[in-house]
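Chains as they are written, first to last, in the working numbering: chain G, 9 to 137; chain X, 24 to 386. Using N, Cα and C, we set each Cβ at its ideal position, and we do this for glycine too.
Structure, rendered in structure tokens:
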């Protein structure tokens, strides 16, 4: 059973969103997603300053098996990216909700998180996988 | 309904994640493909490859017939137990399958064929076989590959009376003794055995190897290991649309005996005479990203294609195999998600016997 922290929001495409206050959110991929991908070997993060919109492919995670797009779960501007992933993509495997974060975004609309799933909703979504 | 090997319960107990491979439920990994890969390069790992099929060819004219059936020449096999890698070709010279043939006696050869091609291979062989030659797929036999620098030391003591003979085998030789048929062969670029036996014996062997610290490895690590070793994968690097001459396998086609009329020979000679054969090369990505099969490769002579690609755990770099237009390009661009990324042409293998072989990256 994969780990689904209660305090995060989720997209059905397996990204998680943590509210950091001040209209900032941190985004990564779920434990379920990293497990399905297998050992990660390469991560391509967006440029700081890039504009992202909901559903946009904004990052790429590549495992030993395949490449997979990461879709932005929110609208906004990328204000930070996890540079550590360039040398240590396996952080996403070991700590998907911690050191394996992918990017921070300043929300264009603070209410945008209302459309995302809570932990229970995401657990239901992946139960059908 | 997918098929399961005799080791399915062992795989489940070892925490396997399964994928469908050619209609079989096979382990893709047991938790970490990367750790499995490193175990084979540094110590010992084991792969259930029972989905592949030993096919016994028997009969008084077996040698002459196999010299006709296969593109490589089994007459090179001078001693009992010697093994030969070869392609089996269509009349057009394209690849039906790649396989290993062990000469056990003049009247008994064992041919090991790929899982996904077993049915068509056996049908083709039986159709080609003259009176007096039998072609028998041995579906009841299981195959366990034990690979890595410690593979022989860890496996030989578990093979009973056959153990001493197995440990004494030279590379690319096999012995058949008691319950076991053991080849000092593999698909990883490391030392080791491919061990063929009946289900209950192979199950017991698996348990013993596990207790001896041999790591279960899935098809994922098998693929990254063979790619580092520069070994072709049937269905990806070659198939019935290309010849071995266009697949980096010219070294496996024996033209030496001008009188040997093997299936596909005329077509290959015509292709050779026509010239302009594509190059089949190793590719090392210099920029960032991961090479994947089917990516386009831009060269000064035109576009080629990656036939295999992936991440090399030993090198920490992305590598691939590619078919590119004839020419002398030493650097190319691989098109990754629409963008050209620089890559270097290298001669496979990338890694062999635990050592990186790429100039500039080896120590």
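Residue i, DSSP secondary structure in three states
i: residue 267 of chain X; result: helix
i: residue 63 of chain X; result: helix
i: residue 88 of chain X; result: helix
i: residue 317 of chain X; result: coil
i: residue 130 of chain G; result: helix
i: residue 205 of chain X; result: strand
i: residue 378 of chain X; result: strand
i: residue 50 of chain X; result: strand
i: residue 112 of chain G; result: strand
i: residue 335 of chain X; result: strand
i: residue 253 of chain X; result: coil
i: residue 277 of chain X; result: coil
i: residue 175 of chain X; result: helix
i: residue 97 of chain X; result: helix
i: residue 133 of chain X; result: strand
i: residue 181 of chain X; result: helix
i: residue 237 of chain X; result: coil
Neighbour-count burial assignment, residue i, 16 or more Cβ in a 10 Å radius
i: residue 128 of chain X; result: exposed
i: residue 144 of chain X; result: buried
i: residue 261 of chain X; result: buried
i: residue 194 of chain X; result: exposed
i: residue 157 of chain X; result: exposed
i: residue 150 of chain X; result: exposed
i: residue 140 of chain X; result: buried
i: residue 153 of chain X; result: exposed
i: residue 24 of chain X; result: exposed
i: residue 351 of chain X; result: exposed
i: residue 22 of chain G; result: buried
i: residue 102 of chain G; result: exposed
i: residue 55 of chain G; result: exposed
i: residue 118 of chain G; result: exposed
i: residue 249 of chain X; result: buried
i: residue 360 of chain X; result: exposed
i: residue 279 of chain X; result: exposed
Sequence-distant residues of its chain with Cβ nearer than 7 Å to residue i (five each side left out)
i: residue 53 of chain G; result: 67, 89, 90, 93, 110 and 111
i: residue 114 of chain G; result: 31, 32, 84, 85 and 87
i: residue 252 of chain X; result: 211, 212, 372, 374 and 375
i: residue 209 of chain X; result: 168, 170, 215 and 217
i: residue 336 of chain X; result: 57, 60, 61 and 247
i: residue 122 of chain X; result: 109, 111, 134, 135 and 136
i: residue 200 of chain X; result: 184, 185 and 188
i: residue 160 of chain X; result: 76, 78, 141 and 145
i: residue 14 of chain G; result: 127
i: residue 140 of chain G; result: Outside the shown range of chain G, which is 9 to 137, sits residue 140 of chain G, and nothing can be said about it.
i: residue 358 of chain X; result: 318, 319 and 321
Residue j beta carbon less than 8 Å from that of residue i
i: residue 244 of chain X; j: residue 68 of chain X; result: yes
i: residue 81 of chain X; j: residue 130 of chain X; result: yes
i: residue 93 of chain X; j: residue 99 of chain X; result: no
i: residue 321 of chain X; j: residue 364 of chain X; result: no
i: residue 27 of chain X; j: residue 48 of chain X; result: yes
i: residue 283 of chain X; j: residue 308 of chain X; result: no
i: residue 219 of chain X; j: residue 77 of chain X; result: yes
i: residue 263 of chain X; j: residue 113 of chain X; result: yes
i: residue 294 of chain X; j: residue 116 of chain X; result: yes
i: residue 329 of chain X; j: residue 317 of chain X; result: yes
i: residue 241 of chain X; j: residue 50 of chain G; result: no
i: residue 83 of chain X; j: residue 155 of chain X; result: yes
i: residue 121 of chain G; j: residue 27 of chain G; result: yes
i: residue 228 of chain X; j: residue 181 of chain X; result: yes
i: residue 344 of chain X; j: residue 306 of chain X; result: yes
i: residue 298 of chain X; j: residue 315 of chain X; result: no
i: residue 379 of chain X; j: residue 385 of chain X; result: yes
i: residue 45 of chain G; j: residue 98 of chain G; result: no
Own chain residues within Cβ distance below 6 Å of residue i, not counting five before or after
i: residue 58 of chain G; result: 86
i: residue 95 of chain X; result: 107, 109, 275 and 277
i: residue 105 of chain X; result: 126 and 196
i: residue 148 of chain X; result: 158
i: residue 42 of chain G; result: 100, 101 and 104
i: residue 202 of chain X; result: 220 and 224
i: residue 204 of chain X; result: 219
Residue-level contact to chain C via CB, residue i, 8 Å cutoff
i: residue 70 of chain G; result: Annotation note: the requested chain C is absent from the structure, which comprises protein chains G and X.
Neighbourhood of residue i by C-beta, 8 Å cutoff - its chain only, sequence neighbours within 5 removed
i: residue 19 of chain G; result: 25, 79, 81, 124 and 125
i: residue 15 of chain X; result: This structure cannot settle anything about residue 15 of chain X, because the visible part of chain X is limited to 24 through 386.
i: residue 265 of chain X; result: 117, 118 and 346
i: residue 129 of chain G; result: 18
i: residue 19 of chain X; result: Given a span of 24 to 386 for chain X in the structure shown, any question on residue 19 of chain X remains unanswerable.
Residue i beta carbon near the ligand COA (any heavy atom closer than 7 Å)
i: residue 171 of chain X; result: Within the structure as shown, the ligand COA is missing, as the structure has no ligands at all.
Practice task
For the segment 73 to 91 of chain G, enumerate the residues whose C-beta is nearer than 8 Å to any C-beta of chain X, in chain order.
Solution key: 73, 74 and 75
Problem - Residues within the segment 26 to 54 of chain G neighbouring chain X, beta-carbon criterion of under 8 Å - result: 46, 47, 49, 50 and 52
Practice task
Could you run through the segment 235 to 260 of chain X and flag, in chain order, every residue whose CB is less than 7 Å away from some CB of chain G?
Solution key: Cβ contacts with chain G come from 243 and 247.
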